[in-house]
Each structure stands twice: as structure tokens, then as C-alpha cells.
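Enquirer: Please read through the structure below; I'll follow up with questions.
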Amino acid sequence: KQWYQRRVRGVALNHSGSLAATASGKGTLIRVFDTRTRQLVIEVRRGTDTATVQCITFNRDSTFMCVSSDKGTVHIFAIRDPQLNKRLTVASVGYLASQWAMGSFSLKSECPATCVFPAHSSGSAVKNAVIALSYDGTYHKYVFTSDGNCNRESFNVFLDLTQELEI
623 KQWYQRRVRG
633 VALNHSGSLA
643 ATASGKGTLI
653 RVFDTRTRQL
663 VIEVRRGTDT
673 ATVQCITFNR
683 DSTFMCVSSD
693 KGTVHIFAIR
703 DPQLNKRLTV
713 ASVGYLASQW
723 AMGSFSLKSE
733 CPATCVFPAH
743 SSGSAVKNAV
753 IALSYDGTYH
763 KYVFTSDGNC
773 NRESFNVFLD
783 LTQELEI
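Here you go:
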């Protein structure tokens with residue numbers, strides 16, 4: 623498969639540079655390629671509604687990838703163990719046959735965010751956690767399980783955007 627026939631709206635590399643993720647112009651498809659062979663590793667679907675992908679990021683060992691959009695959602699995909707991703711049981715044609723996120727969570731509606739898979743101060747990864755910093759100044763930490771359950775572990779207002787900044 624080629625990267626896309628139309629415009630790419632988002633790109634990201636994993637920590638080693640061995641994988642490249644690209645988001646389609648509609649923000650519905652995310653493709654991950656091996657940068658050495660240029661072969662498609664996995665194609666996943668963020669959703670069916672057009673969205674602007676704000677962030678694509680891999681965890682440290684590239685077993686998971688998360689994608690956030692201007693819809694205020696964060697989707698978590700399994701890269702190395704794709705059977706963890708969801709598939710529709712009625713899927714027989716087209717986009718319904720795609721791999722969907724193994725898990726997802728919603729932030730404030732229509733508010734984009736940037737995401738990261740956190741690490742301990744020692745550098746080792748925090749098991750199955752995602753931090754999202756929303757453009758409204760809120761901080762969200764979610765933990766997820768291999769069956770796709772996402773639970774908010776912490777929340778805080780990082781920036782109070784209602785107060786004027788002093789210069």
C-alpha cells in the first residue's frame with residue numbers, strides 16, 4: 623500500500639525511527655509503515671467522521687499508539703499485537719472490516735489534545751497509561767487494559783485559561 627493517494631494530515635515516528643504513522647486527510651485512517659522496508663505494518667481506523675488529527679504517538683517499545691483529534695477523543699491501538707484491536711462482527715465490506723481502537727476515552731467535546739505514554743523518572747514505561755493535555759488547559763491521565771477498558775486515574779487544571787496573562 624502507498625502512503626495515501628490524497629493529502630496526509632498527520633505524521634509521527636516511533637522512538638527508534640523504525641515506524642512511521644500517517645493520518646489520512648479525513649483523519650479516519652492511520653497507517654503505520656516500517657521505515658526500512660516501506661511496507662505497511664498495520665492500518666487502523668480512528669472513526670468514520672472527518673476529524674483533524676492533533677497527535678499521533680507511540681509508546682516506548684511501539685506496542686501501542688494513541689491518536690487524538692479535534693473531536694476531543696483519544697484512541698489507543700495495539701501495534702505489535704493487533705488482535706487486541708476491535709473489529710465489527712458484521713464487517714464484510716469496506717471500512718467496517720477495519721481494525722478499530724482497542725480502547726478510547728473522551729475529553730471535553732470538540733477540544734483537541736496532545737498525548738504521551740508516560741515514563742517513570744528512571745525512564746521505564748508506566749504500564750498502559752496515557753496522559754492527555756487538552757487545549758483547554760486540562761490534564762488527564764488514563765490507564766487502560768488489554769481488553770480496552772480506559773479509566774481516568776487523575777485530572778487537573780494545568781492552565782487557567784479564564785485569567786488574563788500578566789506581561
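Numbering (our numbering), first residue to last: 623 to 789. For glycine and all other residues, C-beta sits at the position ideal for the given N, C-alpha and C.
Identify whether Leu710 lies in helix, strand or coil by the three-state DSSP scheme.
Expert: Coil, per DSSP.
Enquirer: Could you give the uninterrupted runs of the beta strand (DSSP E) lying entirely in the segment 728-785, keeping only those of 3 residues or more?
Expert: Listed in chain order, the complete beta strand (DSSP E) runs (minimum 3 residues) inside the segment 728-785 are 735-738, 751-756, 760-766 and 772-779.
Enquirer: Any idea what DSSP makes of Gln676, helix, strand or coil?
Expert: Here Gln676 sits in strand by DSSP.
Enquirer: Hey, how far is the Cα of Asn778 from the Cα of Thr659?
Expert: For Asn778 and Thr659, the distance between alpha carbons rounds to 42 Å.
Enquirer: Buried or exposed: which applies to Pro734, given that a residue is buried once 16 or more other Cβ atoms fall within 10 Å of its Cβ?
Expert: So Pro734 counts as buried.
Enquirer: Buried or exposed: where does Ala673 fall if 16 or more other Cβ atoms within 10 Å of its Cβ makes it buried?
Expert: Ala673 should be labelled buried.
Enquirer: Take the Cβ of Ala754 as the centre, count every other Cβ of all protein chains shown within 10 Å, and call the residue buried at 16 or more, exposed below.
Expert: By the 10 Å Cβ count, Ala754 comes out buried.
Enquirer: DSSP three-state label for Gln721, please.
Expert: Strand, per DSSP.
Enquirer: Arg653 lies in the beta strand (DSSP E); which residues open and close that run?
Expert: Residues Leu651 to Asp656.
Enquirer: Rounded to the nearest angstrom, how far is the Cβ of Asp656 from that of Val663, given a contact under 8 Å?
Expert: At roughly 6 Å, the Cβ-Cβ gap stays under 8 Å, so Asp656 and Val663 are in contact.
Enquirer: For the beta strand (DSSP E) holding His697, just list the boundary residues, first then last.
Expert: Residues Thr695 to Ala700.
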